[in-house]
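Everything below concerns the one structure shown next.
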Amino acid sequence: MGSLKHVEGHTAMDEGFLATRVDELVNWGRKNSLWPMPLGLSCCGIELMAMIGPKFDISRFGAEAARFSPRQCDLMIVAGTLTWKMAEAARLIYDQMPDPKWVIAMGVCSSSGGMYDSYSVVQGIDMILPVDIYVPGCPPRPDAVIDALIKLQKKIERESPIKNLFSGEAVGEYDEGTKRFLRAPNHAVPTTRSHEVLPPGERDHR
Amino acid sequence: MSSTIERIQEGLKGLNFQVETPRDGLPQIRVGVADVKAVMTRLRDACGFDTNTFVTAVDRHPSEPRYDMCWQFLSVEHNDRMRVHALVAGPEPHVPTITDLWPGTAYSERECFDMFGVVFDGHVGLKRLLMPEDYEHFPLRKDFPHQGIEPDRLYREWDRKRREREPMIEESTS
């Protein structure tokens with residue numbers, strides 16, 4: 001990709017008419033057919049099922065095709081308490097999903113560990129995965145997750161896939177100190193964080 | 001019809017045990033670790049306690065002897081329950097297994113080993129039940145911090161080995 005990167009000080013596909021139009025087309029396609037990978041780990045999984053079912057019906061937003069094969073998904077919904085024993089499986093599933101992919105942390109457990117301030121629970125799945133949207137609630141109502149889905153669609157709208165394709169700059173941000181993913185890859189838009197990263201000593205006061 | 005504790009006293013005649021009255025009112029006896037096997041055999045054969053409900057331990061840290069083992073039994077025939085307690089000294093507590101009397105106890109004993117590090121002598125296949133198999137600590141011991149000791153260590157090791165094996169894995173870019 002190096003030869004396409006710089007043309008007389010400009011990036012070849014930088015904000016030109018063609019690039020923005022293609023971006024819009026690609027984003028339109030991506031945001032309206034998010035296929036969720038339901039990782040229902042505890043009670044949030046029940047709300048997730050309600051969300052997919054006929055009453056709340058996320059097929060209104062093009063996301064009803066829940067696949068249980070990570071190869072066919074591009075939206076991972078981590079619904080519930082992720083333990084360190086399960087973290088390996090969750091990370092494997094995430095790695096098996098093809099790009100582009102997004103992650104919703106559903107509920108306080110997957111966002112921050114929630115009430116399980118404990119030795120066995122991952123204190124926020126951003127310790128192992130980059131997360132796009134955090135949804136608070138214990139468990140959140142299906143409406144809240146649908147709201148997260150719409151926010152994710154708006155976020156996808158603002159991405160520039162063509163530019164990222166040639167510049168390769170859209171990598172996520174990982175903090176070695178706190179060992180957390182601060183920003184999901186794939187976009188110029190910062191992650192919607194529901195909690196701050198506190199130094200280890202201050203975590204006790206939650 | 002005799003009461004539960006009378007039936008137990010009748011069945012365990014000749015063995016060393018003390019009757020206790022816990023706050024919840026359940027018939028309870030306390031035995032020494034050496035007598036556990038004999039008492040359990042009698043409880044099953046002479047007193048009709050045909051089901052083991054659970055096996056667990058109480059960590060009395062820092063008092064000694066540190067562990068208070070606890071077995072609870074149910075008699076389906078007589079429709080009553082009772083409990084056996086035995087004090088065991090640490091730091092590596094050993095008690096005899098009762099899986100030869102009640103085979104279903106195997107899981108309870110594995111859980112107790114997993115959480116408290118109590119070794120059940122004679123248990124076939126005593127390994128961790130809930131925590132990862134190469135986990136080093138016993139989480140329900142009182143000197144274990146509730147946030148764990150490096151809780152992410154096993155995951156990070158697994159992640160590092162996997163990345164060495166498959167260098168293609170990286171954070172996605174597009």
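Residue numbers (this note's numbering), protein chains in the order written: chain A, 1 to 206; chain B, 1 to 174.
Even glycine gets a Cβ: it sits at the ideal position worked out from N, Cα and C.
Check                                                                                                                                                                           : Outcome
Name the chain A residues whose beta carbon is nearer than 8 Å to that of H61 of chain B?                                                                                       : Under the 8 Å cutoff, chain A gives no residues; its nearest Cβ is about 17 Å from H61 of chain B.
For I150 of chain A, collect the residues of the same chain with a Cβ closer than 8 Å to its Cβ; drop the 5 residues on either side in sequence, then sort them by chain order. : F61
For chain A, is any of its Cβ atoms less than 8 Å away from the one on T173 of chain B?                                                                                         : Annotation note: pLDDT 39 at T173 of chain B (below 50); position unreliable, no value reported.
Considering only the beta carbon of each residue, do W35 of chain A and A79 of chain A sit closer than 8 Å?                                                                     : no
Give the DSSP-derived three-state secondary structure of Q123 of chain A in the structure shown.                                                                                : coil
Decide if D80 of chain B is buried, meaning its Cβ has at least 16 other Cβ atoms within 10 Å, or exposed.                                                                      : buried
Against chain D, does D175 of chain A count as a neighbour if the rule is that its beta carbon must be under 8 Å from one of theirs?                                            : You won't find chain D in this structure, because its protein chains are A and B.
So, is the C-beta of A87 of chain A closer than 8 Å to a C-beta in chain B?                                                                                                     : yes
Does the pairing of the region 170-186 of chain A with the region 123-138 of chain A give three or more beta-carbon distances under 8 Å?                                        : yes
Restricting to Cα atoms, I'd like to know which of A:A105, A:P161, A:R158, A:I156 is closest to Y134 of chain A.                                                                : A:A105
Looking at C-alpha atoms only, which residue of A:Y94, A:A50, A:E47, A:P100 is the closest neighbour of P70 of chain A?                                                         : A:Y94
Report the rounded CA-to-CA distance for P22 of chain B versus R83 of chain B, giving the unit in angstroms.                                                                    : 10 Å
Should the region 152-165 of chain A be regarded as contacting the region 19-35 of chain A, the criterion being three or more beta carbon pairs within less than 8 Å?           : yes
Please list the partners that Y116 of chain A has in chain B, where partner means a Cβ-to-Cβ separation under 7 Å.                                                              : Within 7 Å Cβ-Cβ: nothing; Y116 of chain A doesn't reach chain B, min ~10 Å.
With F120 of chain B and L140 of chain B assumed to form a contact (beta carbons below 8 Å), what rounded beta-carbon distance in angstroms separates them?                     : With a Cβ gap of about 16 Å, F120 of chain B and L140 of chain B do not count as contacting.
Hey, is C44 of chain A's beta-carbon within less than 8 Å of any beta-carbon in chain B?                                                                                        : no
If P151 of chain B sits next to Y174 of chain A, beta carbons under 8 Å apart, how far is it from one beta carbon to the other, in whole angstroms?                             : Actually they do not touch by this definition, with Cβ atoms about 19 Å apart.
Determine the chain B residues that contact M127 of chain A at a beta-carbon separation under 9 Å, and present them in chain order.                                             : D152, Y155
Alpha carbon to alpha carbon, how far is I5 of chain B from L245 of chain B? Give it in angstroms, no decimals.                                                                 : Because chain B here runs from 1 to 174, residue 245 of chain B falls outside it and cannot be looked at.
Whose C-beta lies closer than 6 Å to the C-beta of S59 of chain A among residues of the same chain, with five residues either side of it excluded?                              : none
Using the Cα positions of V95 of chain B and W84 of chain A, report the straight-line distance between them to the nearest angstrom.                                            : 30 Å
Are the beta-carbon atoms belonging to C44 of chain A and P161 of chain A less than 8 Å from one another?                                                                       : no
Between R71 of chain A and chain B, is there a C-beta pair that is closer than 8 Å?                                                                                             : no
Let me know the secondary structure DSSP gives Q18 of chain B once reduced to three states.                                                                                     : strand
In terms of alpha-carbon separation, which member of B:T56, B:G11, B:E64, B:R60 lies closest to A38 of chain B?                                                                 : B:G11
Could you check whether I125 of chain A and L82 of chain A sit closer than 8 Å to each other, using their CB atoms as the reference points?                                     : yes
Is the Cβ of W84 of chain A closer than 8 Å to any Cβ of chain B?                                                                                                               : yes
Could you have a look at T62 of chain B and say whether DSSP puts it in helix, strand or coil?                                                                                  : One point to set straight first is that residue 62 of chain B is Pro, not Thr, in the sequence displayed. P62 of chain B falls in the coil class under three-state DSSP.
Output, in sequence order along the chain, the residues in the region 91-103 of chain A whose CB is closer than 8 Å to any CB in chain B.                                       : R91, D95, D99, P100, K101
Which value, in whole angstroms, describes the spacing of the CA atoms of F56 of chain A and M86 of chain A?                                                                    : 29 Å
Please report how far the alpha carbon of S111 of chain A lies from the alpha carbon of V103 of chain A, in whole angstroms.                                                    : 11 Å
Spell out whether any CB of chain A is found under 8 Å from the CB atom of D159 of chain B.                                                                                     : yes
If you draw a straight line from the alpha carbon of T173 of chain B to that of P145 of chain B, how long is it in whole angstroms?                                             : Only weak support exists for where T173 of chain B lies, its pLDDT of 39 falling under 50; the value from the coordinates is given anyway. Cα to Cα, T173 of chain B sits roughly 39 Å from P145 of chain B.
To the nearest angstrom, report how far apart E47 of chain A and A66 of chain A are at their CA atoms.                                                                          : 14 Å
Identify the residues that DSSP records as bridge partners of G40 of chain A: which are they?                                                                                   : A:A79
DSSP state of T99 of chain B, grouped into three classes?                                                                                                                       : coil
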